[in-house]
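> Sharing a structure with you now.
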Amino acid sequence: MKTWNELTLVEQVLVRRAVGGTGPRGTVHHVASVLRWAGSPEAPRWRDDSPENEAARVRELASAVLRLVADGWLTLRRAHGTAFVREDSPQVVGADLEQVVVDPATWVWRADAGSKAPDLSLRATEEGGRRWTAAVNAPGAPLTIHQLDLSEDEDRFRVCAMELSGWLTGPFGILGDLPPGLVGEELREHVAQELAPLVRFVREGWIEVRHFAEPGTELTVVPLEDLLDAFGDRELRCDDRDDWGVGFTCVLIQSPANALR
-13 MKTWNELTLV EQVLVRRAVG GTGPRGTVHH VASVLRWAGS PEAPRWRDDS
37 PENEAARVRE LASAVLRLVA DGWLTLRRAH GTAFVREDSP QVVGADLEQV
87 VVDPATWVWR ADAGSKAPDL SLRATEEGGR RWTAAVNAPG APLTIHQLDL
137 SEDEDRFRVC AMELSGWLTG PFGILGDLPP GLVGEELREH VAQELAPLVR
187 FVREGWIEVR HFAEPGTELT VVPLEDLLDA FGDRELRCDD RDDWGVGFTC
237 VLIQSPANAL R
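Under the working numbering, the letters of the sequence shown match residues -13 to 247, in that order.
In structure tokens, the structure reads:
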């Protein structure tokens, strides 16, 4: 039996999702995000998360699940007669388990799957949950953004970073438009004040700020030292655009510290 620190990063992601009772579909994307933040050379670029590329990682996830089930970390459960998987839902075991975990439909979201998609859930065993709790609460474990004592303004940025549709600027952003007429040092002072709650998160590696010049285009990551100039640029902010998906957004960094706790 492996301890938490002996698990691979992929195995740790699976255990964390099982602790929350999460369905396996979407796990491929989550694993890829954590691998990217961990600096793994095997991680795909964020734009390469197509269903076809995600399906290529299914065998790796299947092998990891079988190991974790054998080691008593988690179970895979199936809903019978209902769309909801409960703690007492039947476990998928034996040859059925081996067949289910290698099926791409178990792991990959497809728009055309509909009701044919299996109703499954990864569930931590009582022992698996105990091991995970002991690991994440070990002395010296780094804090996550969710464990911080935040001000109201700081929490607005945290929530924005957690939401897939969260934007910082533009008509759907949490920041107001730049006041007309502000230039020079007055403009920089205004931007510095509105970004003050965000700077801490970027500096500590909890949140990443991204810029989209047009909807659906490749993103640009804005480093800490460029935040003031970037947010003071009216053209980059796109405050006067009606489009959703342009301007500045932010995401919660799926580092092992944040994603696995």
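Using N, Cα and C, we set each Cβ at its ideal position, and we do this for glycine too.
These figures come from a predicted structure and were not determined experimentally.
1) Any idea if residue 249 is buried or exposed, counting beta-carbon neighbours within 10 angstroms, 16 or more meaning buried?
2) I'd like to confirm the pairing. Which residues does DSSP put opposite residue 61 in its beta bridges?
3) Anyone know if the C-beta pair for residue 197 and residue 158 falls short of 9 Å?
4) Please report the straight-line C-alpha distance between residue 146 and residue 161, rounded to a whole angstrom.
5) Excluding the 5 residues preceding and the 5 following residue 319 in the sequence, name in chain order all residues of the same chain whose CB lies nearer than 8 Å to its CB.
6) Kindly confirm or deny that the stretch 202 to 215 and the stretch 166 to 183 touch, where touching means at least three C-beta pairs closer than 8 Å.
7) Report all residues from its chain with a CB closer than 7 Å to the CB of residue -12; omit the five preceding and five following residues, and keep chain order.
8) One question on the structure: do residue -4 and residue 17 come within less than 9 Å of each other, judged by their Cβ atoms?
9) Can you grab the Cα-Cα spacing for the pair residue 15 / residue 1, in whole Å?
10) Looking at C-alpha atoms only, which residue of 89, 166, 227 is the closest neighbour of residue 201?
11) Three Cβ pairs or more, each shorter than 8 Å: is that satisfied between the stretch 84 to 94 and the stretch 39 to 49?
12) Who are residue 193's beta bridge partners in DSSP?
13) Just reading off the alpha helix (DSSP H) that residue 92 is part of, what are its end residues?
14) I need the DSSP call for residue 13, collapsed to helix, strand or coil.
15) Look up residue 198 in the DSSP assignment and give the residues it is bridged to.
16) Would you mind stating whether residue 114 and residue 62 have Cβ atoms separated by less than 9 Å?
17) Could you pull the start and end residues of the alpha helix (DSSP H) that residue 79 belongs to?
18) Just reading off the alpha helix (DSSP H) that residue 55 is part of, what are its end residues?
19) Starting from the Cα of residue 182, find the closest Cα among -9, 137, 156, 126 and give me that residue.
20) Is DSSP giving residue 207 helix, strand or coil here?
The short version:
1) Given that the chain is displayed from residue -13 to residue 247, the structure contains no residue 249 and the question cannot be resolved.
2) The residue you call residue 61 lines up with position 75 of the sequence shown. BP columns for residue 61 point to 109.
3) Locating residue 197 in the sequence shown gives position 211, where the first residue counts as 1. Locating residue 158 in the sequence shown gives position 172, where the first residue counts as 1. Their beta carbons are not under 9 Å apart, which means residue 197 does not touch residue 158 by this criterion.
4) As a position in the sequence shown, residue 146 is number 160, starting the count at 1. As a position in the sequence shown, residue 161 is number 175, starting the count at 1. So the two alpha carbons sit approximately 11 Å from each other.
5) Residue 319 cannot be examined here, being either before or after the span of the chain that is shown, -13 to 247.
6) yes
7) Locating residue -12 in the sequence shown gives position 2, where the first residue counts as 1. So the list reads 57, once near-sequence residues are dropped.
8) Position 10 of the sequence shown, counted from the start, is the residue given in the question as residue -4. Position 31 of the sequence shown, counted from the start, is the residue given in the question as residue 17. It is a contact, given that the beta carbons lie within the stated cut-off.
9) For the purposes of this step, residue 15 is taken as the residue at position 29 of the sequence shown. For the purposes of this step, residue 1 is taken as the residue at position 15 of the sequence shown. Cα-Cα distance, rounded: 15 Å.
10) Residue numbering aside, residue 201 sits at position 215 when the sequence shown is read from its first letter. Looking only at 89, 166, 227, the smallest Cα-Cα distance to residue 201 is reached by 227.
11) yes
12) Position 207 of the sequence shown holds residue 193. DSSP lists 238 as partners of residue 193.
13) Locating residue 92 in the sequence shown gives position 106, counting from the first residue. Residues 90 to 93.
14) Against the sequence shown, residue 13 aligns to sequence position 27. Under the three-state reduction of DSSP output, residue 13 falls in the helix class.
15) One-based indexing of the sequence shown puts residue 198 at position 212. DSSP lists 233 as partners of residue 198.
16) Within the sequence shown, numbered from 1, the residue matching residue 114 stands at position 128. Within the sequence shown, numbered from 1, the residue matching residue 62 stands at position 76. No, they are not a contact pair.
17) As a first step, residue 79 is located in the sequence shown; it is residue number 93 there, counting from the start. That residue, residue 79, is in no alpha helix (DSSP H); it is neither H nor E in DSSP.
18) Numbered from its first residue, the sequence shown carries residue 55 at position 69. Run containing residue 55: 44 to 56, per the alpha helix (DSSP H) assignment.
19) In the sequence shown, residue 182 corresponds to position 196, counting from 1. Comparing Cα-Cα distances from residue 182 to each of -9, 137, 156, 126, the minimum goes to 137.
20) Stepping through the sequence shown from its first residue, residue 207 is reached at position 221. If DSSP states are grouped into helix, strand and coil, residue 207 belongs with the strands.
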